[in-house]
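Visitor: Just passing along the structure, written as structure tokens.
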Amino acid sequence: MASSRFDGKVAIVTGGARGIGRAIVEAFAREGARVGIGHSGRSEDAAQEIIRTVGKDRAVSLPGDVADAKAVKAILDRTISTFGRIDILVNNAGICPFRDVLDVTVEEFDRVQAVNTRSIFLMSQGAARFMKDHGGGVIVNVTSISGERFTDPQQLAYCTSKAAANMLTRGLAVTLAPYNIRVNAVLPGTIPTDINEDVLARPGVADAIIKQTPLKCLGECGDIASATLFLASDEAKWITGTLMVVDGGVIA
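Using our numbering, you'd call the opening residue of the sequence shown number 39 and step up by one each time.
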């Protein structure tokens, strides 16, 4: 029997059409929420597939660049016009180019910061403006253990952006608490998705990560979805400013 933890709630999940984001969207829908599927626009077919799966009355496609202030406003406005409210925001959108530090361009570095960090600020600020006038809400940021530990020489821009996202989580938690808005983060370890499939396919890479992981396996998208839904639920009503590591024990 399906849970109803989120009956009557409306959630937005950025980067919601694929990988971890899709797992989060589908988990919210199973548990009663109506969900806005944020995506870049290139994933419209994937978003529509999710909508067919969960039901047209339970999800809406929200294309747009979450690093752009005008696009963010349009995403939030469409959610409110479609579902009437915003109770939960999951900032999951992210990019992770693998580039040697000597080859990274300024434009590439800036784009990683924009998508992985600025989008959290823009989406959270906009959602919080609605939430504070409607009894509060919850924000969950999907960041990374790479924000707490430098994980790869070819991920300097990514690690930097995730460290900023983790601090942004803490800062938002403190500054939005007076409005009854909780803010937490989930920090995944290595989860096979389309963002890292090329790297994990290289000989020995996945085996090396598993060897370094105390639980001796890679994570799954559903593991991150479960942690996200917990933090978004009333079960976590006294939790804010927390960085929940979900990595099989890697950074322990």
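The beta-carbon is built from N, C-alpha and C at its ideal position, and this holds for glycine as well.
1) Between which two residues does the alpha helix (DSSP H) harbouring A195 extend?
2) If we require 4 or more residues per run, which alpha helix (DSSP H) segments fall completely within the stretch 117–169?
3) Can you tell me whether DSSP reads A49 as helix, strand or coil?
4) What is the C-beta distance between V221 and L210, in whole angstroms, given that I count them as a contact (C-beta under 8 Å)?
5) Comparing alpha-carbon positions, which option in A290, V92, T278 lies nearest M205?
6) Starting from L267 and walking both ways along the alpha helix (DSSP H), at which residues does that stretch end?
7) Looking at the secondary structure, which residues open and close the alpha helix (DSSP H) in which R90 lies?
8) Who are the Cβ neighbours of L238 in its own chain at under 7 Å, not counting the five residues just before and after it?
9) Rounding to the nearest angstrom, what Cα-Cα distance links D106 and F159 in this structure?
10) Considering only the alpha carbon of each residue, which of K111, L267, D148, R96 lies closest to G102?
11) Per DSSP, what are the beta-bridge partners of L100 in this structure?
12) Helix, strand or coil: how does DSSP classify I229 here?
13) Leaving out five residues before and five after E186 in sequence, what residues of the same chain have Cβ atoms less than 7 Å from its Cβ?
14) On the criterion of 16 or more Cβ atoms from any shown chain inside 10 Å, does R60 qualify as buried, or is it exposed?
15) For V153 and C259, what's the separation of their Cα atoms in angstroms?
16) Where do the ends of the beta strand (DSSP E) carrying V180 lie?
17) Just to confirm my understanding: we take L267, look at its own chain, exclude 5 residues before and 5 after, and list those with CB closer than 6 Å. What are they?
18) Anyone know if the C-beta pair for L281 and T207 falls short of 8 Å?
Guide: Looking at the coordinates:
1) A195 -> alpha helix (DSSP H) spans 194–214.
2) Qualifying alpha helix (DSSP H) stretches, in chain order: 144–151, 157–169.
3) Reduced to three states, the DSSP call for A49 is strand.
4) Going by Cβ atoms, the distance from V221 to L210 rounds to 4 Å, so yes, they are a contact pair.
5) The shortest Cα separation from M205 among A290, V92, T278 belongs to T278.
6) Its alpha helix (DSSP H) spans residues 259–270.
7) From DSSP, the alpha helix (DSSP H) with R90 extends over 82–92.
8) Contacts found: P230, A244.
9) Distance between the alpha carbons of D106 and F159: 11 Å.
10) For G102, the nearest C-alpha among the options comes from K111.
11) G76, per the DSSP bridge assignment.
12) Three-state DSSP puts I229 in coil, outside helix and strand.
13) If we look at E186 and ignore the five residues flanking it on each side, its Cβ neighbours are N204, L225, I289.
14) It is buried - the Cβ of R60 has at least 16 other Cβ atoms within 10 Å.
15) Straight through space, the alpha carbons of C259 and V153 are spaced by roughly 20 Å.
16) Run containing V180: 175–180, per the beta strand (DSSP E) assignment.
17) A65.
18) Contact: yes.
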